[in-house]
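In the UniProt record's numbering, the protein residues as written are 1 to 249.
For glycine and all other residues, C-beta sits at the position ideal for the given N, C-alpha and C.
Structure record follows, encoded as structure tokens.
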């Protein structure tokens, strides 16, 4: 019975979206979900530019962890999630990669690590400040050492904030594996130093995930197309989104 009820609700959503597609091309609302780091660093300028181009579209932003974002998509609490690549999102959802974000190891300033070329075995004896289990950075960290057959480094701390990792590393607590965009300001200020992550996987894929529909709401369709344009590799960080292109369901 529940599956039939969900199917009826989805059909009703699609019917409303079809009517909206005819009656409104540049109005409506979109509820966005994003990881904290993405919401605070990657989205603000772009969302502001998008809204200036589409003032009739109301935007709402909710912040959650990776698992929470998928739950919110399932529950229709958000319409699109911005997060790092996740496997097994299910056939009901579409996923598009919009950027590859370089991963870097960060170290305290003045330790000489930034100019040293290292491999995994060379840093296995170091202590690390890491995110909690379930985070994409933690997954890549654990996977790299496991696949290399090297015992995982000792952990100095587990935290739920990239900003906190940066501050702990700056104070000498250990090394950290993070997406570079999240710590670029601290790097520019000289609070931390960086070195390349010595593993084949040197980037985290930034993706957006949304529910498949026969007809997407016009506002969501515009936002998906604009995001594909704005986060392309040739675009600068402060670029305005181009005119939205047609976007698939």
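Residue range of the unbroken alpha helix (DSSP H) whose run includes residue i
i: residue 150; result: Element bounds for residue 150: n/a, residue is neither H nor E.
i: residue 255; result: Since the first residue shown for the chain is 1 and the last is 249, residue 255 is missing from the structure and cannot be characterised.
i: residue 74; result: 66–74
Residue i vs residue j beta-carbon contact at 8 Å
i: residue 131; j: residue 160; result: yes
i: residue 199; j: residue 152; result: no
i: residue 128; j: residue 103; result: no
i: residue 33; j: residue 69; result: yes
i: residue 106; j: residue 30; result: no
i: residue 38; j: residue 62; result: no
i: residue 181; j: residue 41; result: yes
Which listed residue (the options) has its alpha carbon closest to that of residue i
i: residue 137; options: 192, 197, 92 and 60; result: 197
i: residue 174; options: 210, 125, 133 and 45; result: 125
i: residue 81; options: 43, 106 and 141; result: 43
i: residue 98; options: 214, 217, 203 and 219; result: 203
i: residue 193; options: 91, 177, 54 and 28; result: 177
i: residue 28; options: 223, 150 and 72; result: 223
i: residue 231; options: 96, 140 and 220; result: 96
i: residue 158; options: 45, 150, 141 and 205; result: 141
Collapsed DSSP secondary structure at residue i in the structure displayed
i: residue 231; result: coil
i: residue 250; result: Residue 250 lies beyond the residue range present for the chain, which begins at 1 and ends at 249; the question has no answer from this structure.
i: residue 31; result: strand
i: residue 180; result: helix
i: residue 213; result: coil
i: residue 189; result: coil
i: residue 48; result: helix
i: residue 130; result: strand
i: residue 125; result: coil
Extent of the continuous beta strand (DSSP E) run through residue i
i: residue 97; result: 93–107
i: residue 118; result: Looking at the DSSP string, residue 118 is not in any beta strand (DSSP E), and its letter there is neither H nor E.
For the stretch 205–221 against the stretch 187–194, are there 3 or more C-beta pairs whose distance is under 8 Å? With the cut-off at 8 Å, the stretch 205–221 and the stretch 187–194 do not touch.
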